[in-house]
Amino acid sequence: MKCNACPRQCNAERTETENKHGFCQMPLLPRVARSALHFWEEPCISGKNGSGTIFFSGCSLGCVYCQNAEISHRKAGFDISIHQLTDLFRDLEKQGAENINLVNPTHFSWAISEALKEYKPKIPIVWNSGGYDSVEILKQFDGFIDVFLMDLKYLSAERAKKYSGAGDYPDVVKKALMECYRQKPVCVIDDNGIMKSGLIVRHLILPQGTKEAMNCFEWVKNNLRNACFSMMSQYVPYYQAERFAELNRKITKREYEKVINYILSSDFDNVFLQERSSADQSFIPDFSAEKNKILCKQ
Ligand code: SF4
Numbered sequence: 072m073k074c075n076a077c078p079r080q081c082n083a084e085r086t087e088t089e090n091k092h093g094f095c096q097m098p099l100l101p102r103v104a105r106s107a108l109h110f111w112e113e114p115c116i117s118g119k120n121g122s123g124t125i126f127f128s129g130c131s132l133g134c135v136y137c138q139n140a141e142i143s144h145r146k147a148g149f150d151i152s153i154h155q156l157t158d159l160f161r162d163l164e165k166q167g168a169e170n171i172n173l174v175n176p177t178h179f180s181w182a183i184s185e186a187l188k189e190y191k192p193k194i195p196i197v198w199n200s201g202g203y204d205s206v207e208i209l210k211q212f213d214g215f216i217d218v219f220l221m222d223l224k225y226l227s228a229e230r231a232k233k234y235s236g237a238g239d240y241p242d243v244v245k246k247a248l249m250e251c252y253r254q255k256p257v258c259v260i261d262d263n264g265i266m267k268s269g270l271i272v273r274h275l276i277l278p279q280g281t282k283e284a285m286n287c288f289e290w291v292k293n294n295l296r297n298a299c300f301s302m303m304s305q306y307v308p309y310y311q312a313e314r315f316a317e318l319n320r321k322i323t324k325r326e327y328e329k330v331i332n333y334i335l336s337s338d339f340d341n342v343f344l345q346e347r348s349s350a351d352q353s354f355i356p357d358f359s360a361e362k363n364k365i366l367c368k369q
């Protein structure tokens, strides 16, 4: 098929096993780098038992500082069938996962949709995306996704182009978030503190990015009043960050406090704030094949 599944609209020929010319270079069938319980998401996602996280390889964005570059850009992972993807759902469910957390699902939307039609787990399904999603695709998942965990990386087209190679990102993500909010207008959290339904919007503070961070917060506050906002401070220079001098460091205490104080002084309460001490490469999951091949049951 000619693929226009994400806003890149490559129109590239994409088969179950090949995609030579599309931006993401991923075949139609899923490539998965890791499937495991994960404890470093927001508390309402990780819970006590961990989030059943499936990390998909490849990406339709091109962030120079990508914290998951091994899988997003270097494309490490295992090619699996749709049925094997449902096996991963079942395995994670059996392990007691609080939810099935689909990390970077955008370019595998077709395969995920087929898998969910074959087997819909009884725990919440989380769409954990960089936010570069078309409204059309999100609408196809209406009724299948319980929690949207979406990035809002930039509202500045200039920064989106410079750091992620997607100048249209701000327009795309605003429309995508409005669609997620239409589907999930309220956040439902159960007695164990687990989100069963809702929208969480994440923003990672970049070095020299305080203005952007505050703009993103303001936009969520004004447009997605019942959603949750998650301010992330775990940025570490990684992948090709050194191409830009300003990205080649962690955020400073001053930058962190400026954003946090701004958020705390607002009347918007649905906020998660990450500690600055989370900015450490040890928080990046291990995507090495040795650690993960068993989980994908080749
Ligand atoms: S999913 Fe991949 S091939 Fe399809 S439009 Fe997006 S980047 Fe291009």
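My numbering applies: residue 72 is where the sequence shown begins, and numbers increase by one.
Just so it is clear, CB atoms sit at the ideal spot from N, CA and C, and this is done for glycine as well.
Under the rule that 16 or more other beta-carbon atoms within 10 Å means buried, what is residue i, buried or exposed?
i    : result
N263 : exposed
L335 : exposed
Q138 : buried
P278 : buried
A186 : buried
M266 : buried
D338 : exposed
F94  : buried
K73  : exposed
Are residue i and residue j close, meaning C-beta to C-beta below 8 angstroms?
i    : j    : result
W181 : A76  : yes
D53  : S268 : For the chain, the structure presents residues 72 to 369; residue 53 sits outside this window and is missing.
P98  : E87  : yes
K321 : Y306 : yes
N136 : Y327 : Note on residue identity: the sequence assigns Tyr, not Asn, to residue 136. In this structure, Y327 does not lie closer than 8 angstroms to Y136 by Cβ.
N82  : C130 : no
F343 : E89  : no
Q147 : T124 : Note on identity: in this sequence residue 147 is Ala, with Gln being the wrong assignment. Cβ distance not < 8 angstroms, so A147 and T124 don't count as in contact.
H274 : M249 : no
R347 : K329 : no
E189 : Y225 : no
DSSP has residue i in a bridge; who is on the other side?
i    : result
R102 : D150
N172 : T124, V197
L335 : None, per the DSSP bridge assignment.
M266 : I260
L108 : G123
V272 : M221, F300
Residue i by DSSP, collapsed to three states: which one?
i    : result
L277 : coil
F160 : helix
M97  : coil
C77  : coil
K188 : helix
E317 : helix
K91  : coil
N82  : coil
H144 : coil
Q166 : coil
A12  : There is simply no residue 12 to check, as the chain begins at 72 and stops at 369 in what is shown.
Return the first residue and the last residue of the beta strand (DSSP E) that residue i is part of.
i    : result
W198 : 196 to 200
S301 : 299 to 303
L220 : 218 to 222
L344 : 342 to 344
Could you spell out where the alpha helix (DSSP H) holding residue i opens and where it closes?
i    : result
L248 : 240 to 254
P114 : 114 to 117
I208 : 206 to 211
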